[in-house]
Amino acid sequence: MRTGVYLAHPKPGSFNHAVSDTVVEELRKRGCHVIAHDLCAEGFEPVLSADETGTVQSAPLAQDVQVALHRAEVATLDAMVFIHPNWWGMPPAVVTGWVQRVLVPGVAYKLGTAEGEPAGLLKAGRALVLNTSDTPADREESEFGDPLERIWSACFLPYVGVGDVRRTVFRTVTGSSDEERAAWLDQARRQAAALVE
Numbered sequence: 001m002r003t004g005v006y007l008a009h010p011k012p013g014s015f016n017h018a019v020s021d022t023v024v025e026e027l028r029k030r031g032c033h034v035i036a037h038d039l040c041a042e043g044f045e046p047v048l049s050a051d052e053t054g055t056v057q058s059a060p061l062a063q064d065v066q067v068a069l070h071r072a073e074v075a076t077l078d079a080m081v082f083i084h085p086n087w088w089g090m091p092p093a094v095v096t097g098w099v100q101r102v103l104v105p106g107v108a109y110k111l112g113t114a115e116g117e118p119a120g121l122l123k124a125g126r127a128l129v130l131n132t133s134d135t136p137a138d139r140e141e142s143e144f145g146d147p148l149e150r151i152w153s154a155c156f157l158p159y160v161g162v163g164d165v166r167r168t169v170f171r172t173v174t175g176s177s178d179e180e181r182a183a184w185l186d187q188a189r190r191q192a193a194a195l196v197e
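In full-length UniProt numbering, the protein residues as written are 1 to 197.
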C-alpha cells in the first residue's frame, strides 16, 4: 500500500515531528511504501501563482518541479496522512498551500459533471488527519464548532475521492506530561495501523 505522510510544522523536534516519525515507522513496519514529506523542511512554497488558478479546465502542467512531483505522487497513493497543529482554527499555511497547488483539477478532481459537483480522481480512498491543539475539546466545539473537522471531512477530501476521513486531536499539548505524550504517540501508532488494515 502506497501511503503519503505530510507533516506541516516548522519547528524540528516538535511533538508534531514525533507524531510523524511514529506514523511513518508504524506504516513501514506494516509493509507500506511510505512517501513522507516534511513540507516546511522541504521549503514547499504555499503561495498559489496566477498561472495556477484555473479551475474550469484541468490545471496547467506545473512549472514548479516540486509541485509537479507532488502531483505525480498523490495520484498513485492508496492512503494519506496529514499531521499538523491547529493554528487559529486552520491548518498551517504550508499545508493549505499544498492542497491548493497539488490537489488541482485533472489531478485530484474534475469539474463539469452531469450532477454539477466535482468528481474525485484520487484513488486514495482513505485519509488520517492528526492534529495537535491547545484548545480544550469542549471550548473548541462550543465556541468554534471544530473548524478543522469541517475543513478536512467536508470541505475538500470527499471532493477529491477520499470517502473515509479519520481525524484525531491530541490536546492540550502545552503543559502535557511525558506520559500523556507517550499515550498520544501510541494512539497515533494504532490509528496508522488501522488506516492500512
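Glycine residues also receive a C-beta, built at the ideal position from the N, C-alpha and C atoms.
Treat the numbers as computed from the prediction; the structure is a model and nothing was measured.
| Query | Result |
| --- | --- |
| Beta carbon of A8 nearer than 8 Å to that of C40 | yes |
| Nearest-angstrom beta carbon gap, L27 and V34 [assumed within contact, 8 Å] | 5 Å |
| Stretch-stretch touch, CB-based, cutoff 8 Å, three pairs: the stretch 45-52 with the stretch 76-84 | no |
| Assigned secondary structure, A188 (DSSP; H/G/I helix, E/B strand, else coil) | helix |
| Member of T76, N16, V165 whose CA lies at the smallest distance from the CA of L128 | V165 |
| Rounded straight-line distance, which links the Cα of W87 to that of R181 | 19 Å |
| Endpoints, the alpha helix (DSSP H) within which R28 is located | 15-29 |
| Spatially closest choice to G43 from D64, E143, D186, L130, by CA coordinates | D64 |
| Cα-Cα separation, A124 to E143 | 33 Å |
| From V169, A154, V162, residue whose alpha carbon lies closest to that of T135 | V169 |
| Unbroken stretches of the beta strand (DSSP E), 3 residues or longer, contained in the stretch 119-173 | 126-133, 164-171 |
| CB of A72 within 8 Å of CB of L122, strictly | no |
| Pairwise C-alpha distance: E25 and P158 | 27 Å |
| E141 versus A188: straight-line alpha-carbon distance, rounded | 22 Å |
| Of the listed residues Y6, G120, M1, F15, nearest to D186 (C-alpha basis) | F15 |
| Cβ-based neighbour list, H37, same chain, cut-off 8 Å, excluding 5 preceding and 5 following | G4, V5, Y6, L7, F44, H70 |
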